[in-house]
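Worksheet for the structure shown next.
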Amino acid sequence: MGHVPHPTLLWLSAPERFLYALLGFPPHELPRWHILYRTNNDASLRLRRVDSLPPVPYGCAVVAIGREIYTFGIDRKIFVMGGCETPSADWVEAFDLERRVWLRWTWPMASNVRIDFVTYAVVKQRIYTLSPRAWCHAYDPRERTLETWAGGHELRGFWQASSCVVDGMLFNVDPGRFLGHLILVFDLKKQVWRPVKLKGAHGLPPCVYHYGYQSRMGNIGGKLVILVGNQTKWWNYEGEKSIWCVERRRQGGEIRGKVESVDVVFKTTKSTPTIELFRTVIV
Numbered sequence: 045m046g047h048v049p050h051p052t053l054l055w056l057s058a059p060e061r062f063l064y065a066l067l068g069f070p071p072h073e074l075p076r077w078h079i080l081y082r083t084n085n086d087a088s089l090r091l092r093r094v095d096s097l098p099p100v101p102y103g104c105a106v107v108a109i110g111r112e113i114y115t116f117g118i119d120r121k122i123f124v125m126g127g128c129e130t131p132s133a134d135w136v137e138a139f140d141l142e143r144r145v146w147l148r149w150t151w152p153m154a155s156n157v158r159i160d161f162v163t164y165a166v167v168k169q170r171i172y173t174l175s176p177r178a179w180c181h182a183y184d185p186r187e188r189t190l191e192t193w194a195g196g197h198e199l200r201g202f203w204q205a206s207s208c209v210v211d212g213m214l215f216n217v218d219p220g221r222f223l224g225h226l227i228l229v230f231d232l233k234k235q236v237w238r239p240v241k242l243k244g245a246h247g248l249p250p251c252v253y254h255y256g257y258q259s260r261m262g263n264i265g266g267k268l269v270i271l272v273g274n275q276t277k278w279w280n281y282e283g284e285k286s287i288w289c290v291e292r293r294r295q296g297g298e299i300r301g302k303v304e305s306v307d308v309v310f311k312t313t314k315s316t317p318t319i320e321l322f323r324t325v326i327v
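Our numbering puts the first residue of the sequence shown at 45, with every later residue one more than the last.
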């Protein structure tokens, strides 16, 4: 897809991070990229469409590396997992951005690997994927090893599409609050989910709990950001629809945090928007 436009013309002394959200308006419009930015007047957050970036088909997977968003990483490589059929000998492939070549590794594959995923995450240089049948896979690019766990594994317990990695930890939205809190974090060492104690959670809008499974998480400079709509995507309500943004920053330890801001960042009278993707771009 090429370079992402920079919102200013100033030379930067250090890399800056920006969040881009892919919003769709089914069934009439393909998803378009929007940038999350702060307004000049009151420093509140807003989503603005980036017209210079083309529409993206529904269900498309993308990866952001530096200031480029690729449609199709680790160590300047784009990893493509799933293969063309099940089982596939080349279930894991990688495109080396510097050498401009495809790398393929083949080995006997078990029948439980999938060509479709609910979500994925890169945690401590390992790629974790979750399949619709509750199988979790962990691929180590350096060792070229693949681990597979059945549905009873703890990672599968709460992991879903609205998740994000911040400071090497996998965070997840849990609208049902089964552990007593809205946000959970997965402890890789102990292999358990732990609740995140969030100061200021009482002021969150109801849509965070009602439609949290349709939300998307992002990471901007170590802060956890959640985008969520005030209507479900399964119904086309008349009138104004909006998208809320909840910004959380770490406070006093790994699993504590504080709600830093809550804003309506997008409004529309079109069909109910869907939040397809939420990615960080480094400029």
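No residue lacks a Cβ here, since even glycine has one placed at the ideal position from N, Cα and C.
For this session: Note down the Cα distance separating Y237 from I171, rounded to an integer number of angstroms.
Result: Against the sequence shown, residue 237 aligns to sequence position 193. Against the sequence shown, residue 171 aligns to sequence position 127. Note that residue 237 is Trp in the sequence shown here, rather than Tyr. Roughly 18 Å between the two C-alpha positions.
Problem set entry | Straight-line gap, G283 to K311 (C-alpha atoms, nearest Å) | Residue mapping note: residue 283 aligns to position 239 of the sequence shown, counting from 1. Residue mapping note: residue 311 aligns to position 267 of the sequence shown, counting from 1. Taking the straight line from one Cα to the other gives about 10 Å.
Problem set entry | Inter-stretch contact at 8 Å, needing at least 3 Cβ pairs: the stretch 178-188 / the stretch 258-278 | The stretch 178-188, when compared against the stretch 258-278, does not touch it at the 8 Å Cβ threshold.
Exercise. Any idea if Q169 is buried or exposed, counting beta-carbon neighbours within 10 angstroms, 16 or more meaning buried?
Worked result: Walking along the sequence shown from the start, residue 169 turns up at place 125. Counting Cβ neighbours within 10 Å, Q169 comes out exposed, since fewer than 16 surround it.
Exercise. Around the C-beta of T173, are 16 or more other C-beta atoms found within 10 angstroms, so that it is buried, or is it exposed?
Worked result: For the purposes of this step, residue 173 is taken as the residue at position 129 of the sequence shown. Answer is buried; the Cβ neighbour count reaches 16.
Problem set entry | Inter-residue spacing [alpha-carbon to alpha-carbon] between V162 and D95 | Counting from one through the sequence shown, the residue named residue 162 turns up at place 118. Counting from one through the sequence shown, the residue named residue 95 turns up at place 51. V162 and D95 have their alpha carbons spaced roughly 29 Å apart.
For this session: Please work out which residues of its chain come closer than 8 Å, Cβ to Cβ, to F222, disregarding the five sequence neighbours upstream and downstream, and give them in chain order.
Result: The count along the sequence shown starts at 1 and reaches residue 222 at position 178. The answer, listed in chain order, is F202.
Problem set entry | Continuous alpha helix (DSSP H) stretch holding Y253: start and end | Locating residue 253 in the sequence shown gives position 209, where the first residue counts as 1. It spans C251 to H254 - the alpha helix (DSSP H) in which Y253 sits, taken as one unbroken run.
Exercise. Is T316 buried or exposed, if buried means 16 or more other CB atoms sit within 10 Å of its CB?
Worked result: Taking the sequence shown and counting its residues from 1, one reaches residue 316 at position 272. The residue in question, T316, is buried, as its Cβ has 16 or more Cβ neighbours within 10 Å.
Exercise. What's the gap between the Cα of R148 and the Cα of I122?
Worked result: Start at 1 with the first residue of the sequence shown, and residue 148 comes out as number 104. Start at 1 with the first residue of the sequence shown, and residue 122 comes out as number 78. Taking the CA atoms as reference points, R148 sits about 12 Å from I122.
Problem set entry | K277 to A165 span [Cα, whole Å] | Sequence index remark: in the sequence shown, residue 277 carries index 233 (1-based). Sequence index remark: in the sequence shown, residue 165 carries index 121 (1-based). K277 and A165 have their alpha carbons spaced roughly 24 Å apart.
Exercise. By how many angstroms is the C-alpha of D218 removed from the C-alpha of K234?
Worked result: The residue given as residue 234 occupies position 190 in the sequence shown. The residue given as residue 218 occupies position 174 in the sequence shown. If you draw a straight line from the Cα of K234 to the Cα of D218, it comes to about 20 Å.
Exercise. If you compare alpha carbons, which of R323, L66, F230 and K241 is closest to K302?
Worked result: By one-based count along the sequence shown, residue 302 stands at place 258. Answer by Cα proximity: K241.
For this session: Report the rounded CA-to-CA distance for L321 versus L232, giving the unit in angstroms.
Result: Translated into the one-based positions of the sequence shown, residue 321 becomes position 277. Translated into the one-based positions of the sequence shown, residue 232 becomes position 188. The straight-line gap from Cα to Cα measures roughly 25 Å.
Exercise. Ends of the alpha helix (DSSP H) at R200?
Worked result: Taking the sequence shown and counting its residues from 1, one reaches residue 200 at position 156. Under the DSSP assignment, R200 falls in the alpha helix (DSSP H) whose first and last residues are E198 to F202.
Exercise. Under a Cβ-count criterion, where at least 16 other Cβ atoms within 10 Å of its own Cβ denotes burial, should H144 be classed as buried or exposed?
Worked result: Here residue 144 refers to the residue found at position 100 of the sequence shown. The question names His, but residue 144 in the sequence shown is Arg. Result: exposed.
Problem set entry | Inter-residue Cα distance where the pair is K243 and T324 | As a first step, residue 243 must be located in the sequence shown, where it is residue number 199. As a first step, residue 324 must be located in the sequence shown, where it is residue number 280. If I take the Cα positions, the gap works out to 25 Å.
For this session: On the DSSP bridge assignment, give the partners of R292 in chain order.
Result: On the sequence shown, residue 292 is found 248 positions in, with the first residue counted as 1. The partner list for R292 (beta bridge, DSSP) reads L268 and V303.
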